[in-house]
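J.:
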Amino acid sequence: MSFELHILGSGAALPTSKRQASAQYVNCNERHILIDCAEGTQQQLRKLGLKLQKIQFILISHLHGDHFFGLPGLLSTMHLLGRNKKLQIYGPPGLETLVRAMIAAGGHPITFDLRFHTIEPSKKQLIFEDRLIEIYAFGLKHRIPTLGFRINEKQKPYHLDKNAIAKADLRIEDMPKLKAGLSIERDGQLYDFRDYTLPADQSFSYAYCSDTKPSPTYLEAIQQIDLLYHEATFCQEHKDRAKSTYHSTALQAAEQASKAGCRYLLLGHFSSRYDDAQQHLLEARTAHPLVGAAEDGLHIKLGNWPPIFENADKTQAQ
Ligand SMILES: [Zn+2]
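For the sequence shown, my numbering begins at 2 and goes up steadily by one.
(1) Taking just the CA atoms, how far does G189 sit from E33?
(2) When you compare the CB positions of L266 and G304, do they come within less than 9 Å of one another, or not?
(3) State the DSSP-derived secondary structure class of D188, mapped to helix, strand or coil.
(4) Taking the straight line between their C-alpha atoms, what separation do you get for Q319 and I56?
(5) If A251 sits next to L268, beta carbons under 8 Å apart, how far is it from one beta carbon to the other, in whole angstroms?
(6) May I ask whether a heavy atom of ligand 1 can be found less than 8 Å away from the beta carbon of R242?
(7) Is H145 near ligand 1, with its Cβ less than 8 Å from a heavy atom?
(8) Using the Cβ count rule (16 or more neighbours within 10 Å means buried), how would you classify E238?
(9) Starting from the C-beta of A181, find all residues in its chain whose C-beta is less than 7 Å away, skip the five residues before and the five after it, and write them out in chain order.
(10) If I follow the unbroken alpha helix (DSSP H) through E154, where does it start and stop?
(11) Mapping the DSSP letters down to three states, classify E284 as helix, strand or coil.
(12) Which residues in the same chain as I104 place their Cβ atom closer than 8 Å to its Cβ, once the five residues preceding and following it in sequence are excluded?
(13) Is D67 a contact residue of ligand 1, with contact defined as CB to any heavy atom under 8 Å?
(14) Where C29 and E5 are concerned, what is the direct C-alpha to C-alpha distance, given to the nearest angstrom?
(15) Would you call Q253 buried or exposed, if buried means 16 or more other Cβ atoms sit within 10 Å of its Cβ?
(16) Please report the distance separating the alpha-carbon of L88 from that of H160.
(17) Excluding sequence positions up to five away, which residues of its chain have a Cβ less than 7 Å from the Cβ of P146?
(18) Mind checking who F117 pairs with in its DSSP beta bridge?
(19) For ligand 1, I want to know if A261 counts as a neighbour, meaning its beta carbon is within less than 8 Å of at least one of the ligand's heavy atoms.
(20) Helix, strand or coil for T17 per DSSP?
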């Protein structure tokens, strides 16, 4: 089991020598998810050693170019490399029409199974689940319809308490039920799973909020998130600009994270006017105790607490 996040692009609309525009790669228990796909995303995947054919889900937040202009190119590469497995793309209204028109114009139709799911930005809604994970979409407050995403690990299996089991009249076929938290009744005897198991490993959650102005409307959707990525395009010095462009300052991102009870806040989507994120961090830390700044190549292992941060200096975009 693993829950890992790779930051492929941590900048806002204008790519710089240090920061590409928005894209992230999430591996949640071997479910491979790309969130946003700016120009340059496939090169970032290659630089970081991430296999683009493993991607099963692409989540696109909105139709500003710095969040999806890399998508036609990525799909084309997947096709040229002979992809034959299904790819599911979730995004706002209009995305499918745009992308399919670009593919059709080139005269090279995509032959793998490409499924689009159009999501109306509104209340939190479950868009995918299987036995290990669930993915939710929810509406943000931006100039055009914009989605945020939340990925949860489901409840993990209980650990068997071998000492307790050895003293009871339990069978091999009972073990999967106990691990799943189910009690067993046999011959009038109840075997309560809590007596034969130890606590399960912790399940973690991650949410992505870019782009948005701060709003109470999405607080419920990010409630109690372990790791929240929230855009912090501006510092307080430019808070008027943040307001007029429907973006957030670092302080506003931290206030949102605190209100929603998020454990760790990762800032990103930094405007190219700033050389680094030091001022963002200073301001955000006045409103939330645990704040980090995204950078291209950052690798976060969320399967532990606190999360492990590994900086990929060697592979950062130059
Ligand atoms: Zn935008």
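Using N, Cα and C, we set each Cβ at its ideal position, and we do this for glycine too.
T.: Well, looking at it:
(1) Note on residue identity: the sequence assigns His, not Glu, to residue 33. One C-alpha to the other measures close to 46 Å.
(2) The beta carbons of L266 and G304 sit no closer together than 9 Å.
(3) Three-state result, D188: coil.
(4) Bear in mind that a pLDDT of 30 at Q319, under 50, signals an unreliable position, so the model cannot answer this.
(5) With a beta-carbon spacing of about 6 Å, A251 and L268 fall inside the 8 Å limit used to define contacts.
(6) Taken from the Cβ of R242, every heavy atom of ligand 1 lies 8 Å or farther away.
(7) Reading off the sequence, residue 145 comes out as Ile, not His. Yes, Cβ of I145 sits closer than 8 Å to a heavy atom of ligand 1.
(8) Exposed.
(9) By the criterion of a C-beta distance shorter than 7 Å, A181 is surrounded in its chain by P158, once the five residues flanking it on both sides are discounted.
(10) Per DSSP, E154 belongs to no alpha helix (DSSP H); it is in the beta strand (DSSP E), L148 to E154.
(11) E284: helix per DSSP, three-state reduction.
(12) Same-chain partners within the cutoff: P73, L76, S77, P110 and I111.
(13) For ligand 1, at least one heavy atom lies less than 8 Å from the Cβ of D67.
(14) Going by the C-alpha atoms only, they are around 6 Å apart.
(15) Result: buried.
(16) Each residue's Cα considered, the two are about 34 Å apart.
(17) For P146, where only same-chain residues beyond five positions count, the Cβ hits under 7 Å are H63, P93, P94 and P122.
(18) Residue pairing for F117: DSSP places it in a beta bridge opposite I90.
(19) Within the chosen limit of 8 Å, ligand 1 does not reach the beta carbon of A261 with any heavy atom.
(20) In this structure, T17 counts as coil in the three-state DSSP scheme.
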